[in-house]
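Asks: I have a structure here, written as structure tokens, and I will follow up with some questions on it.
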Amino acid sequence: MTKILQANPSQEQELLARLRAALDRGGLVILPTETVYGIAARADRPQAMDRLRALKEREGPFTLHLGDTSQVPGLAEAPVQARRLAKNYWPGPLTMILEGPKHGSRAGGIGAGQSLGYRVVDHPWTGPFLRNFEGGLVMSSANRQGRPAPRSLEDLDPAVLELADLALDHGPCQSGIASTVLRVGHQGSIRILRSGLESKEQFLARAATLHLFVCTGNTCRSPMAALLYHQHLATKLGVSPDSLLEHGHLVSSAGISAQPGMPASPRAIEAMAELGLDLSYHRSRFAHPTLLVRASRIYCMGQRHLDLVRQSLEGMGGSLEEDARPPRLLRPEGDIPDPFGGDLGLYVETREALRASIEGLE
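Position 220, counted from 1, in the sequence shown is what our numbering calls 222; the numbers after and before it change by one each time, with no gaps.
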């Protein structure tokens, strides 16, 4: 009969020691997380891995569950998009599939170059417990294939409970919803494999490298520049413009004196329409310091914009992004003239000046 351990704080160390001993012997233990209960094994115990594979009816590698982001192997070598996700969502309900270690690893049963899922658990008992295992523990939801994942031990299939050596009962899990699972590609692309609490768009936006174009009112130059650069970058990467966010890049614009919610200038819309590009969706926004620190690339239409952006960043202690470059003028030789109030011909001239400058970007 499986032993169910009640999570009594006064006995925490004793209970965790029993769980550790069971795992070291090659056993399976059921542990709570912030999402659902999982069944755990040591990846370097072949007998335990065989039992886990039989229970889950699968042969592929399992997700490694860890107690701290610093335990995730290869994260420093992963695309910056992966580290943004780690910074925003770990510890928490995100499983991130990364390229495996160059020389392979016993963790999860992977070889060199294979992909593996990682999750840093946010649970008051299981999180600290996982830190005791250098390579973390292999875990999967404590259910048979096709059955719902249990939020509490009361929801657990008795047959699964019987197969485990020990189970820690900490009451119902916080959400009861399985973690989001996504894959980060070599070049920072993001593919959502299973949705959790947050939307696909939220994860993509948090992961993406932000390219920001800045002018005064955010109704003429900067939105035109952003749309042109969006097309340019997609072409450069060999992807469709509609999928640029899924490939790890977000292009946007803002104004240092913008009144939020204003549409693009009608002539800006008309000038871009000549190229088959739609600017009618645009709504202006203010270049708030909290937006500026999130950007990895900032291109300013004029020197005044650049000076104010630099001041804002300095006041915020610099960019938050590890791959951030210093803000710069879009056209190094000088300002892009403001077409505001001009005729369509002036807007077309501005558009072409923007195009020429954008084509010169790296």
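Where a beta carbon is used, it is the ideal one built from N, C-alpha and C, also for glycine.
Kindly indicate which residue of ARG296, SER286, ALA50 has the alpha-carbon position closest to the one of ASP167.
Replies: In the sequence shown, residue 167 corresponds to position 165, counting from 1. Nearest option by C-alpha distance: ALA50.
Asks: If VAL82 and GLU324 are in contact, beta carbons under 8 angstroms, what's the gap, nearest whole angstrom?
Replies: Walking along the sequence shown from the start, residue 82 turns up at place 80. Walking along the sequence shown from the start, residue 324 turns up at place 322. The pair is a contact, with the Cβ atoms about 6 angstroms apart (cut-off 8 angstroms).
Asks: Given this structure, state the Cα-to-Cα distance separating ARG333 from GLU200, to the nearest angstrom.
Replies: Within the sequence shown, numbered from 1, the residue matching residue 333 stands at position 331. Within the sequence shown, numbered from 1, the residue matching residue 200 stands at position 198. Rounded to the nearest angstrom, the two C-alpha atoms are 39 angstroms apart.
Asks: Can you have a look at GLU361 and say buried or exposed, based on whether 16 or more other CB atoms are within 10 angstroms of its CB?
Replies: For the purposes of this step, residue 361 is identified with residue 359 of the sequence shown, where counting begins at 1. Exposed: under 16 other Cβ atoms inside 10 Å.
Asks: Pick helix, strand or coil for GLU101, following the three-state DSSP scheme.
Replies: Taking the first residue of the sequence shown as position 1, residue 101 is located at position 99. Strand.
Asks: Tell me which same chain residues have a C-beta within less than 8 angstroms of the C-beta of GLY219, skipping the five on either side of it?
Replies: Working through the sequence shown from its first residue, we reach residue 219 at position 217. So the list reads GLY257, SER259, ALA260, GLN261, MET264, SER286, PHE342, once near-sequence residues are dropped.
Asks: Among PHE64, LEU356, GLN13, which residue has its Cα nearest to the Cα of VAL216?
Replies: As a first step, residue 216 is located in the sequence shown; it is residue number 214 there, counting from the start. Taking only the C-alpha atoms, the option nearest VAL216 is LEU356.
Asks: Would SER12 be called buried (16 or more neighbouring beta carbons within 10 Å of its own) or exposed?
Replies: By one-based count along the sequence shown, residue 12 stands at place 10. SER12 should be labelled exposed.
Asks: Distance, Cα to Cα, ASN145 vs ARG44?
Replies: Numbered from its first residue, the sequence shown carries residue 145 at position 143. Numbered from its first residue, the sequence shown carries residue 44 at position 42. Distance between the alpha carbons of ASN145 and ARG44: 18 angstroms.
Asks: In this structure, what does DSSP give as the bridge partners for HIS67?
Replies: Here residue 67 is taken as the residue at index 65 of the sequence shown, counted from 1. In DSSP, HIS67 forms a bridge with ARG121, LEU139.
Asks: Distance, Cα to Cα, VAL122 vs THR71?
Replies: In the sequence shown, counting from the first residue as 1, residue 122 sits at position 120. In the sequence shown, counting from the first residue as 1, residue 71 sits at position 69. Cα-Cα distance, rounded: 6 angstroms.
Asks: Quick test of your reading: THR97 and THR65, contact by CB under 8 angstroms. State the CB separation rounded to the nearest angstrom.
Replies: In the sequence shown, counting from the first residue as 1, residue 97 sits at position 95. In the sequence shown, counting from the first residue as 1, residue 65 sits at position 63. Their Cβ separation, rounded to whole angstroms, is 5 angstroms, which keeps THR97 and THR65 in contact under 8 angstroms.
Asks: Would you grab the beta carbon distance between SER224 and GLY198 for me? Rounded to a whole angstrom, and I think it's under 8 angstroms.
Replies: Here residue 224 is taken as the residue at index 222 of the sequence shown, counted from 1. Here residue 198 is taken as the residue at index 196 of the sequence shown, counted from 1. Wrong, their Cβ atoms sit about 34 angstroms apart, outside the cutoff.
Asks: Between which residues of its own chain and ILE194 is the CB-CB distance below 6 angstroms, once the five residues before and five after are set aside?
Replies: Here residue 194 corresponds to residue number 192 of the sequence shown, with the count starting at 1. Excluding residues within five positions, the ones whose Cβ falls inside 6 angstroms are LEU184, LYS202.
Asks: Beta carbon of SER154, beta carbon of GLY173: below 8 angstroms?
Replies: Here the question's residue 154 lines up with position 152 in the sequence shown. Here the question's residue 173 lines up with position 171 in the sequence shown. Result yes, Cβ atoms of SER154 and GLY173 sit closer than 8 angstroms.
Asks: To the nearest angstrom, report how far apart LEU163 and ALA326 are at their CA atoms.
Replies: Residue numbering aside, residue 163 sits at position 161 when the sequence shown is read from its first letter. Residue numbering aside, residue 326 sits at position 324 when the sequence shown is read from its first letter. Using only the alpha carbons, I get a separation of about 49 angstroms.
Asks: Any idea which residues DSSP pairs SER2 with across the strands?
Replies: It is not possible to answer for residue 2, since the shown part of the chain is limited to 3 through 364.
Asks: Among GLY119, ASP159, PRO34, LEU17, which has the Cα closest to the Cα of GLY62?
Replies: Translated into positions along the sequence shown, residue 62 becomes position 60. With distances taken between Cα atoms, GLY62 lies closest to GLY119.
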